[in-house]
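Residue numbers (numbering that gives the first Met the number 0), protein chains in the order written: chain A, 0 to 329; chain B, 0 to 329. The block underneath contains the structure these notes are about, expressed in structure tokens.
Protein chains: 2
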Amino acid sequence: MSRVDRSRTSASQDAVTVDLSAVIVTASPDGPLVLVRSQDGAAPLALPAGPLEPQHRTLEAGLRNWVEELTGYNLGYVEQLYSFGDANRHASARGQTSRSLSIGYIALVRETRPKQSSDISWASWYRFFPWEDMRSGDEPGVMTRIRESIAGWIAEAPHDARQDRESRSTNAFGKSGDRWNEELVLERYELLYEIGLVPEAHRDGAACWAPREAAIVEAESLQSDHRRILATGISRLRGKIKYRPVVFELMPPRFTFLQLQRTVEALAGIELHKPNFRRLVENQGLVEETGSVSTNTGGRPARLLRFRRDILRERPTIGVGLPSARSQKG
Amino acid sequence: MSRVDRSRTSASQDAVTVDLSAVIVTASPDGPLVLVRSQDGAAPLALPAGPLEPQHRTLEAGLRNWVEELTGYNLGYVEQLYSFGDANRHASARGQTSRSLSIGYIALVRETRPKQSSDISWASWYRFFPWEDMRSGDEPGVMTRIRESIAGWIAEAPHDARQDRESRSTNAFGKSGDRWNEELVLERYELLYEIGLVPEAHRDGAACWAPREAAIVEAESLQSDHRRILATGISRLRGKIKYRPVVFELMPPRFTFLQLQRTVEALAGIELHKPNFRRLVENQGLVEETGSVSTNTGGRPARLLRFRRDILRERPTIGVGLPSARSQKG
DNA sequence: CACCTTATTCTCAAACATAGTCTAAGTCAG
DNA sequence: CTGACTTAGACTATGTTTGAGAATAAGGTG
Numbered sequence: 000m001s002r003v004d005r006s007r008t009s010a011s012q013d014a015v016t017v018d019l020s021a022v023i024v025t026a027s028p029d030g031p032l033v034l035v036r037s038q039d040g041a042a043p044l045a046l047p048a049g050p051l052e053p054q055h056r057t058l059e060a061g062l063r064n065w066v067e068e069l070t071g072y073n074l075g076y077v078e079q080l081y082s083f084g085d086a087n088r089h090a091s092a093r094g095q096t097s098r099s100l101s102i103g104y105i106a107l108v109r110e111t112r113p114k115q116s117s118d119i120s121w122a123s124w125y126r127f128f129p130w131e132d133m134r135s136g137d138e139p140g141v142m143t144r145i146r147e148s149i150a151g152w153i154a155e156a157p158h159d160a161r162q163d164r165e166s167r168s169t170n171a172f173g174k175s176g177d178r179w180n181e182e183l184v185l186e187r188y189e190l191l192y193e194i195g196l197v198p199e200a201h202r203d204g205a206a207c208w209a210p211r212e213a214a215i216v217e218a219e220s221l222q223s224d225h226r227r228i229l230a231t232g233i234s235r236l237r238g239k240i241k242y243r244p245v246v247f248e249l250m251p252p253r254f255t256f257l258q259l260q261r262t263v264e265a266l267a268g269i270e271l272h273k274p275n276f277r278r279l280v281e282n283q284g285l286v287e288e289t290g291s292v293s294t295n296t297g298g299r300p301a302r303l304l305r306f307r308r309d310i311l312r313e314r315p316t317i318g319v320g321l322p323s324a325r326s327q328k329g
Numbered sequence: 000m001s002r003v004d005r006s007r008t009s010a011s012q013d014a015v016t017v018d019l020s021a022v023i024v025t026a027s028p029d030g031p032l033v034l035v036r037s038q039d040g041a042a043p044l045a046l047p048a049g050p051l052e053p054q055h056r057t058l059e060a061g062l063r064n065w066v067e068e069l070t071g072y073n074l075g076y077v078e079q080l081y082s083f084g085d086a087n088r089h090a091s092a093r094g095q096t097s098r099s100l101s102i103g104y105i106a107l108v109r110e111t112r113p114k115q116s117s118d119i120s121w122a123s124w125y126r127f128f129p130w131e132d133m134r135s136g137d138e139p140g141v142m143t144r145i146r147e148s149i150a151g152w153i154a155e156a157p158h159d160a161r162q163d164r165e166s167r168s169t170n171a172f173g174k175s176g177d178r179w180n181e182e183l184v185l186e187r188y189e190l191l192y193e194i195g196l197v198p199e200a201h202r203d204g205a206a207c208w209a210p211r212e213a214a215i216v217e218a219e220s221l222q223s224d225h226r227r228i229l230a231t232g233i234s235r236l237r238g239k240i241k242y243r244p245v246v247f248e249l250m251p252p253r254f255t256f257l258q259l260q261r262t263v264e265a266l267a268g269i270e271l272h273k274p275n276f277r278r279l280v281e282n283q284g285l286v287e288e289t290g291s292v293s294t295n296t297g298g299r300p301a302r303l304l305r306f307r308r309d310i311l312r313e314r315p316t317i318g319v320g321l322p323s324a325r326s327q328k329g
């Protein structure tokens with residue numbers, strides 16, 4: 000059972016450093032927040048990352064360990080996202096002999112207490128992805144400008160690349176009227192990167208169509224490939240809430256229907272139909288009444304609910320539905 | 000932009016070796032096959048695995064590279080599965096100073112030509128997971144025996160663990176009549192591991208309820224944690240075919256509806272309703288007619304179809320539906 | 001030709017989703 | 001105290017998708 004049976008295991012792979020990056024998410028009344036670490040000076044923000052230490056029994060244990068040490072937060076739900084390991088993961092790594100490998104995780108925490116003691120703070124994830132917040136349509140007009148840039152990119156395509164560019168962008172961003180697929184966060188980011196509309200593309204020296212100045216000004220970027228990791232995390236979470244009751248990891252012990260709906264909307268970046276949302280959550284038996292009501296609703300008092308923790312045992316493959324992306328008819 | 004900003008990056012993490020393990024899948028008339036590597040003597044089979052070499056630009060490129068070198072197959076679809084890195088990933092690793100990290104991938108190939116030149120061969124994945132093939136109910140009775148063992152495990156639970164054991168097993172394996180969720184491959188394997196019904200649990204020295212002799216005799220195990228990786232791969236693939244047209248990576252250029260259905264059934268391990276399957280695939284516009292027919296059907300000739308490759312551009316988030324696990328009413 | 005096999009088309013009801021309307025029960029300004 | 005405003009929560013009408021099955025078509029074979 001020993002590893003010697005691996006005939007091709009070579010010595011050339013030893014110079015690998017592994018670290019764990021975390022997309023740590025919480026929900027506030029102002030929307031989804033993500034934990035970021037500020038650098039010295041005007042350097043871009045970074046996701047918290049820590050080393051993989053030998054004493055950790057599992058990768059996840061390692062992650063929980065250093066995050067809880069660093070922040071004092073109690074991680075609720077934790078899930079591995081993806082392992083990122085391009086040789087040019089960040090510009091400075093080119094020509095480096097050691098490859099750096101980063102295993103991304105997403106974690107949900109309930110507590111928002113500042114804990115700003117250090118260089119750690121919470122930031123709305125829409126600071127980095129303003130185009131992902133479609134709750135009030137394209138209110139600040141970011142999307143309109145993105146679409147214009149993309150239109151230019153398509154128009155200037157060499158003949159054989161035209162169709163491809165067209166379909167990739169309609170797929171990621173939808174046709175103006177067409178249905179927006181809120182899960183394609185990573186696809187959208189990667190398309191913008193490729194076109195050159197995010198600064199990272201220029202920083203990495205990628206060959207892009209758009210000049211550096213064309214970068215979307217409303218969006219803040221992150222260190223190295225952290226915006227890509229964050230995109231992966233948002234994508235995953237937006238998908239997950241549909242078939243697993245993970246939103247409740249972000250809710251207080253007691254909440255109203257509308258609070259729950261607002262949280263889901265904030266995560267998904269889209270608005271939902273109130274009566275239908277209520278019916279769905281009710282029918283799935285995800286919540287039960289606490290008996291008390293919340294009077295500070297601004298209108299009629301709302302019943303306070305609690306998550307039915309039993310449901311996890313009855314059928315864990317259940318979630319709070321969104322207009323499903325399945326029925327994207329052409 | 001350099002890595003020095005990572006305050007906690009310690010020197011203690013250097014002794015990590017990374018390798019890429021691959022679940023390489025193809026479909027044959029006899030069901031889904033997975034590429035395995037035989038060891039010397041009576042040692043269990045292994046998944047092919049190769050080192051991460053510094054010259055590979057991306058992880059995926061590295062994987063494609065050595066797999067194609069090793070097997071000569073042309074990998075079609077490739078997707079990262081999960082990074083496995085428990086300190087005791089295999090028994091011999093305990094007490095070892097260097098941690099071994101394995102990044103699992105799933106890859107689909109169309110060609111089945113033997114290529115048995117070396118120690119590499121194809122094996123039905125149900126050899127390792129006989130209980131995952133429910134196409135003809137519980138025909139060989141494996142499942143019945145598993146359920147009996149599980150019943151014993153529940154019966155002998157200490158009072159406070161009873162409910163938990165009960166719900167975990169009904170969730171993974173379903174109640175006798177209840178709907179079987181074909182995606183929970185990993186959950187089922189891990190439950191069996193924990194109970195002690197797979198030899199790996201005893202090999203790893205895990206504390207289990209069942210004695211070593213109780214291991215499910217119909218199932219063959221794999222080296223180290225490879226059966227776990229395979230379970231992850233099957234799970235992912237079973238999920239993916241529902242919303243992405245990946246099955247077609249396993250189909251010949253021209254095929255009939257029934258061939259397509261049989262392939263999906265073989266992967267999912269369940270039977271499907273013929274007219275409904277046809278309707279679904281037709282409505283989604285996944286296929287088009289070639290004009291010719293296949294006469295060796297044993298009955299009325301069937302039209303030969305081809306995959307509409309354009310669909311990938313029109314709407315990539317589409318797949319061949321299975322009875323959706325969503326509507327698992329209590 | 002009778003009969004077996006698979007292909008292909010229809011039908012029908014149940015379940016679900018979408019997009020509303022309408023009523024209830026609070027707060028707050030005057 | 002009233003009327004405007006706010007949110008809660010129940011209900012309705014309509015269309016779409018699914019699950020299960022019957023009915024018909026078109027080949028082969030004894």
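Heads up, the beta-carbon is just placed ideally off N, CA and C, and yes, glycines get one too.
Counted within 10 angstroms of its Cβ, other Cβ atoms place residue i as buried (16 or more) or exposed
i: A/V15; result: buried
i: A/K239; result: buried
i: B/R308; result: exposed
i: A/N295; result: exposed
i: A/E155; result: exposed
i: B/A209; result: buried
i: B/I211; result: With the sequence shown as reference, residue 211 of chain B is identified as Arg, and Ile is not the correct amino acid for it. Its Cβ having fewer than 16 others within 10 Å, B/R211 is exposed.
i: B/A218; result: buried
i: B/A160; result: exposed
i: A/R331; result: An answer regarding residue 331 of chain A cannot be provided, because it is not within the stretch 0 to 329 covered by chain A.
i: B/T131; result: In the sequence as presented, Thr is not what sits at residue 131 of chain B; that position holds Glu. That one is buried.
i: B/K174; result: exposed
i: A/A200; result: buried
i: A/P50; result: buried
Close Cβ partners of residue i (< 6 Å) along its chain, the five nearest in sequence each way excluded
i: A/L185; result: A230, T231, S234
i: B/A48; result: D18, S20
i: B/I269; result: M133, E181
i: B/W152; result: I194, W208
i: B/P198; result: A214, S220
Spatial neighbours of residue i in its chain, beta-carbon cut-off 8 Å, leaving aside the 5 residues before and after
i: A/T111; result: T25, S27, L32, W121
i: B/Q54; result: none
i: A/V292; result: P300, A301, R302, L303
Of the residues the options, the one placed nearest residue i, counting alpha carbons only
i: B/Y192; options: B/S166, B/H158, B/I149; result: B/I149
i: B/Y333; options: B/L271, B/I215, B/G140; result: It is not possible to answer for residue 333 of chain B, since the shown part of chain B is limited to 0 through 329.
i: A/L107; options: A/R302, A/R308, A/E248, A/V280; result: A/E248
i: A/R36; options: A/D163, A/Q79, A/L46, A/K273; result: A/L46
i: A/F306; options: A/P251, A/T296, A/A171; result: A/P251
i: A/L266; options: A/S168, A/Y104, A/S123, A/Y76; result: A/S123
i: A/S223; options: A/I23, A/A42, A/L34; result: A/A42
i: A/V66; options: A/D39, A/I105, A/L80; result: A/I105
i: A/K273; options: A/N64, A/Q283, A/R261; result: A/R261
i: B/R243; options: B/I310, B/G84, B/K174; result: B/I310
i: B/T169; options: B/L190, B/E78, B/H158; result: B/L190
i: A/I102; options: A/G173, A/Q283, A/Y81, A/F254; result: A/Y81
i: A/F128; options: A/I23, A/R277, A/F276, A/R227; result: A/R227
For residue j and residue i, believed in contact at Cβ under 8 Å, the rounded distance
i: A/L304; j: A/F256; result: 7 Å
i: B/S20; j: B/H225; result: 7 Å
i: A/L279; j: A/V245; result: Not quite, the Cβ-Cβ distance comes to about 16 Å (not below 8 Å), so this is no contact.
i: A/G204; j: A/Y125; result: Incorrect: roughly 28 Å between the Cβ atoms, too far for contact.
i: B/L196; j: B/A213; result: 6 Å
i: A/S166; j: B/R312; result: 3 Å
i: B/E264; j: B/L271; result: 6 Å
Own chain residues within Cβ distance below 7 Å of residue i, not counting five before or after
i: B/D137; result: T143
i: A/E68; result: none
i: B/G75; result: L107, V108, R109, E248
i: B/V77; result: E59, L62, R63, Y104, A106
Examine the Cβ distances between the region 143-161 of chain A and the region 55-67 of chain A and report whether three or more of them are shorter than 8 Å.
No: fewer than three Cβ pairs fall under 8 Å.
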